[in-house]
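In the order they appear, the protein sequences are chains A and B. When you read off a place in the first sequence, starting at 1, and then add 11, the result is the number in the numbering used here. When you read off a place in the second sequence, starting at 1, and then add 5, the result is the number in the numbering used here.
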Amino acid sequence: MMTPSTMASSLQRILYRSKARQIGGAPLEPAAVAGIVETSVRNNADCGLSGILLQVDDTFIQLIEGEQAAIEATFERICVDERHSDLVLIDMTSAETRLFPEWSMAHVGSNGDPMRLQVNRDLKEIYLTIETHPDAALKQMRSLLA
Amino acid sequence: MAVPGEESNVPVLSCIFVEHDLKMVLLAALMCVVGSFITVRLWRRTLQASGRMRVEWSFLTGVTAGAAIWATHFIAMLGYLAPVPITFDAQLTIFSIVIAIAGSGLGFYLSGSARKTQATLVGGATIGLSIAAMHYVGMFAYRADGVVSWSGSYIAASIACAIGFAVVSTGLVKASIESHGRRYADLAILSLVVAIVTLHFTGMTAFSVSPIAGLSSGADSEAFQAMAMAVAVAATIIVFTGLSSHVIDNDTRAANQRELEHIASHDELTGLWNRRQFSKVLAERCSRGAGSFHLVMIDLDRFKPVNDTLGHGLGDRALKVIAARIRHVLPEGTELARLGGDEFAFIADGMSAEEITGSCRRLVEILARPVIAEGHVIELGASMGIARAFENGATPDELIQNADIALYAAKAAGRSCHQFFEERMSEKIQLRRSLELDMRRAISRDELEVHYQPKVDAKTGAFTGAEALVRWNHHERGQLSPALFVPLAEELGLINAIGAWVLARACTDASSWPAHMSVAVNLSPVQIMDRRLVRTLRQILKETGFPPQRLELEITETALLGNDVQALATLTEIRALGVKISLDDFGTGYSSLSYLHRFPIDRIKIDRSFVARTPSDAGSASIIQAIARLGASLGIKVTAEGIETESQRDFSSAEGCNELQGYLISRPVPHHQLEALFAKARSEAA
Numbered sequence: 012m013m014t015p016s017t018m019a020s021s022l023q024r025i026l027y028r029s030k031a032r033q034i035g036g037a038p039l040e041p042a043a044v045a046g047i048v049e050t051s052v053r054n055n056a057d058c059g060l061s062g063i064l065l066q067v068d069d070t071f072i073q074l075i076e077g078e079q080a081a082i083e084a085t086f087e088r089i090c091v092d093e094r095h096s097d098l099v100l101i102d103m104t105s106a107e108t109r110l111f112p113e114w115s116m117a118h119v120g121s122n123g124d125p126m127r128l129q130v131n132r133d134l135k136e137i138y139l140t141i142e143t144h145p146d147a148a149l150k151q152m153r154s155l156l157a
Numbered sequence: 006m007a008v009p010g011e012e013s014n015v016p017v018l019s020c021i022f023v024e025h026d027l028k029m030v031l032l033a034a035l036m037c038v039v040g041s042f043i044t045v046r047l048w049r050r051t052l053q054a055s056g057r058m059r060v061e062w063s064f065l066t067g068v069t070a071g072a073a074i075w076a077t078h079f080i081a082m083l084g085y086l087a088p089v090p091i092t093f094d095a096q097l098t099i100f101s102i103v104i105a106i107a108g109s110g111l112g113f114y115l116s117g118s119a120r121k122t123q124a125t126l127v128g129g130a131t132i133g134l135s136i137a138a139m140h141y142v143g144m145f146a147y148r149a150d151g152v153v154s155w156s157g158s159y160i161a162a163s164i165a166c167a168i169g170f171a172v173v174s175t176g177l178v179k180a181s182i183e184s185h186g187r188r189y190a191d192l193a194i195l196s197l198v199v200a201i202v203t204l205h206f207t208g209m210t211a212f213s214v215s216p217i218a219g220l221s222s223g224a225d226s227e228a229f230q231a232m233a234m235a236v237a238v239a240a241t242i243i244v245f246t247g248l249s250s251h252v253i254d255n256d257t258r259a260a261n262q263r264e265l266e267h268i269a270s271h272d273e274l275t276g277l278w279n280r281r282q283f284s285k286v287l288a289e290r291c292s293r294g295a296g297s298f299h300l301v302m303i304d305l306d307r308f309k310p311v312n313d314t315l316g317h318g319l320g321d322r323a324l325k326v327i328a329a330r331i332r333h334v335l336p337e338g339t340e341l342a343r344l345g346g347d348e349f350a351f352i353a354d355g356m357s358a359e360e361i362t363g364s365c366r367r368l369v370e371i372l373a374r375p376v377i378a379e380g381h382v383i384e385l386g387a388s389m390g391i392a393r394a395f396e397n398g399a400t401p402d403e404l405i406q407n408a409d410i411a412l413y414a415a416k417a418a419g420r421s422c423h424q425f426f427e428e429r430m431s432e433k434i435q436l437r438r439s440l441e442l443d444m445r446r447a448i449s450r451d452e453l454e455v456h457y458q459p460k461v462d463a464k465t466g467a468f469t470g471a472e473a474l475v476r477w478n479h480h481e482r483g484q485l486s487p488a489l490f491v492p493l494a495e496e497l498g499l500i501n502a503i504g505a506w507v508l509a510r511a512c513t514d515a516s517s518w519p520a521h522m523s524v525a526v527n528l529s530p531v532q533i534m535d536r537r538l539v540r541t542l543r544q545i546l547k548e549t550g551f552p553p554q555r556l557e558l559e560i561t562e563t564a565l566l567g568n569d570v571q572a573l574a575t576l577t578e579i580r581a582l583g584v585k586i587s588l589d590d591f592g593t594g595y596s597s598l599s600y601l602h603r604f605p606i607d608r609i610k611i612d613r614s615f616v617a618r619t620p621s622d623a624g625s626a627s628i629i630q631a632i633a634r635l636g637a638s639l640g641i642k643v644t645a646e647g648i649e650t651e652s653q654r655d656f657s658s659a660e661g662c663n664e665l666q667g668y669l670i671s672r673p674v675p676h677h678q679l680e681a682l683f684a685k686a687r688s689e690a691a
């Protein structure tokens, strides 16, 4: 059990990672990812959530921020979604302000584009440090959108 | 009787067919049948009601039956082809309907009395009599301008028939309720119809009228038909109002019944089936004897601490979420129940062992994902045990027992997994279960005992108190060590009860010790996370009157790990009572110096493993030196545990430990021996 938040109606932030479940051993299609992102943008906008979804190879790292009830409902929906495997809740904190106020769900993924070497390197670094240094990783995630 | 000159062999039949307008007779008959049908339905309801409700239902039945009987009579009268002019006396006509309603209503009420035979006879006779009374009062209202004559014997016969058939009808209605038989109800309707019809036509046979010469003859048939229709419509409205009340009541009752059944068969919190309903379904499946299926029992891991530390409100929230997740994973329509607490079960039908394995893996994965509720992250997990009908049991009990055994095996295998039942699991788990049962009874059987290991002042060698250590004298297995049964007690949620008992025992025993001596009692991490601990402690201190300053609670570092906010709050509260806190087994765990700083700690107990290697092992020796100095500089007392040799004693006291404990001083002993030790020391000192 983690520390309970002290402010009942406050803004909350959750950070989790998961892997895309390989269905029949096939790698995840970019179109499928686009679909997931689109659904998530729509859902999040409806309930006042913002955040960012990173994709590093077959791992997703998602940060969601918003009101407690919306966060709880969304996380529960993610938990029963069978497209996720190895889901780990990395952190849950209460927050004063949003980190991604302008994004219903920003999406940054790694790919083979040589122009995006820096982005890919950042993603890899976030992937490696997210669990040990979530705060620093969050800052780096924010800078990806700058 | 017929009009003179048209005598027939069967006067009643000729009365019907010759002296009546058949259309009217048919309308009257229809009224009679429909009315009787509805009356019997309402009557059955009346007989099932009690108290004030029986009065209300009698009234409603009376209104319906009275209106139907009266309308039957009146329409038939209008259909009577009198050879003379006819008028009706309004007052008497109205009085006759009042008789029909009040009389039959009384009869329906009486038919529901406690004494069965009497109720049938008296109730039935009252109904029959009211039909007859209504008929003859109605006949007085029937003014025929002619010579009227009555036959006494037909009157008597008509009344006897009405009473007789009404009694028969009453008996049949009562029988229909007892036997739930439709046939009796149908026969009751028939005999009620017969009672009304025979009364009317036998009564009309008794009546005859012949015209007086000079007066115009014949009734105004068109006006009569209009009146008949009006009466029929009015009566029909009344009768159907009775029916609709009955239907509404039935629907309401059926809805209530359904709601009650839902409540009785479902778990209120999760909306899943409850244990009762699940047992029923399982029993049905087992009794079918064909079509194998699997019984899967699910038990949550780490649920009890959630309830204990976060409260039942959040525990319930978590259960609801878990129930929804289980339902989500399983195919729609799966027979799934919450058996109580954190226990769920479902019947896997038409699934192969591989498919069940797949489902269980998904369940294990999804239920292990954290639940977020009210800003708390609740980490649960689930273990599953599976038994296959009919290989692992043919009865519900056997199946449940074996699925349970498989569940135990899953838990023993490290939780968050599933296990299919295998025969070899039984024996091992039976042993554990029997120990569990025994442990639940250990306190009441007085099998627990507290032993004490004395402690001495490192400088003077004088006794300073003792540590309380629980023992279990198992009635069959002999003395069991805490190392064996405390983990089991923690797992079973019995540690709080056992811990409270030990605390109370220690405080009571130590009350007889010299006033400067303290008693130390171990607290399990589970106890520290129990919100009731402080309250329990306060109550024990109050009941035993033991001074809190002389009580020391020993905790281990693991109790502080992970739950430090809650632990800190609890320990601060305990400290506020005046009770002292000591940190046990120091040096073995994380030995985080921040704990010493952040937590209200009065004493450190150096772990015996270091003491055992002194003074020869340089590493251990320097650890003891360091801890002793640390204690001195932080103002925390230091106790060296496990002193077995004189050199260990000398080393520890020389390095600055304040207190010593170990076999060299004394083994743990029962209380009476400890008192003897203390007494001997006092007398030597004196």
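Note that the Cβ used here is the ideal one computed from N, Cα and C, for glycine as well.
With 16 or more other Cβ atoms from the protein chains shown falling within 10 Å of its own Cβ, B/K610 counts as buried.
Secondary structure within the region 41-112 of chain A: the alpha helix (DSSP H) runs of 4 or more consecutive residues, fully enclosed, are 41-57 and 79-90 (chain order). In this structure the region 142-156 of chain B does not touch the region 106-124 of chain B; the number of beta carbon pairs closer than 8 angstroms is below three. Pairing B/A323 with B/V376 gives a Cβ-Cβ distance under 7 angstroms.
For B/G67, the uninterrupted alpha helix (DSSP H) segment begins and ends at R57 to L83.
Contacts with chain B at 7 angstroms (Cβ-Cβ) include A/L98.
Beta-bridge partners assigned by DSSP to B/W278: B/H271 and B/A342.
Close partners of A/E87 in chain B (Cβ separation under 7 angstroms): V326. The beta-carbon of B/V382 is placed less than 7 angstroms from the nearest beta-carbon of chain A. Between B/A73 and B/V244, the CB-CB gap stays under 7 angstroms. Buried is the label assigned to B/R374, since at least 16 other Cβ atoms lie within 10 Å of its Cβ. Nearest to B/L489 by alpha-carbon distance, out of B/M534, B/A515 and B/R437, is B/R437.
Every beta strand (DSSP E) stretch that sits fully inside the region 187-239 of chain B and reaches 3 residues is listed by chain position as 212-216. When the beta-carbon positions are compared, B/P310 and B/M534 come within less than 7 angstroms of each other. For A/C58, no Cβ of chain B is located within less than 7 angstroms of the residue's own Cβ.
Residues of the region 360-386 of chain B that bring their beta carbon within less than 8 angstroms of a beta carbon in chain A comprise R367, E370, I371, R374, P375, V376, I377, A378, E379, G380, H381, V382, I383 and E384, in sequence order. For B/W155, the beta-bridge partners assigned by DSSP are B/F212.
Rounded to whole angstroms, the separation of the alpha carbons of B/Q458 and B/G647 is 11 angstroms. A/L74 is the residue among A/L74, A/D69, A/R132 and A/V99 whose C-alpha sits nearest the C-alpha of A/S51. If you check each beta-carbon in the region 324-350 of chain B against every beta-carbon of chain A, the ones closer than 8 angstroms belong to V326, A329, R330, H333 and V334. Identification of chain B residues near A/I82 by a Cβ-Cβ cut-off of 8 angstroms yields I377, ordered along the chain.
Closest in alpha carbon position to B/I586, among B/T593, B/A626, B/E562 and B/G592, is B/E562. If you look at B/Q53, you'll find it isn't in any beta strand (DSSP E); it sits in the alpha helix (DSSP H) that goes L27 to Q53. Taking 7 angstroms as the CB threshold, A/Q79 lines the interface with chain B.
The beta carbon of A/P112 is closer than 8 angstroms to those of S61 in its chain, skipping five residues each way along the sequence. According to the DSSP secondary-structure assignment, B/P459 is paired through a beta bridge with B/A471.
Annotated three-state conformation of B/D402 is helix, per DSSP. Positions of the beta strand (DSSP E) runs, each at least 3 residues long and wholly inside the region 315-398 of chain B, are given as 340-345, 348-354, 376-378, 381-383 and 386-394 in order along the chain.
Here the C-alpha atom of B/Q653 lies approximately 21 angstroms from the C-alpha atom of B/I641. Chain-ordered listing is empty here: chain B has no CB closer than 8 angstroms to the CB of A/Q66, the nearest sitting near 20 angstroms. For A/H118, the enclosing beta strand (DSSP E) begins and ends at A117 to G120.
Between B/V475 and A/M103, the beta carbon gap of about 39 angstroms keeps them out of contact (Cβ cut-off 8 angstroms). Excluding its 5 nearest sequence neighbours in each direction, B/D354 has C-beta neighbours in its own chain below 7 angstroms: F298, listed in chain order.
Listed as beta-bridge partners of B/Q666 by DSSP are B/K460. Note on geometry: alpha-carbon atoms of B/T257 and B/L582 lie some 59 angstroms from one another. For the pair of segments examined, the region 195-202 of chain B was found to touch the region 30-40 of chain B: the number of CB pairs separated by less than 8 angstroms reaches three.
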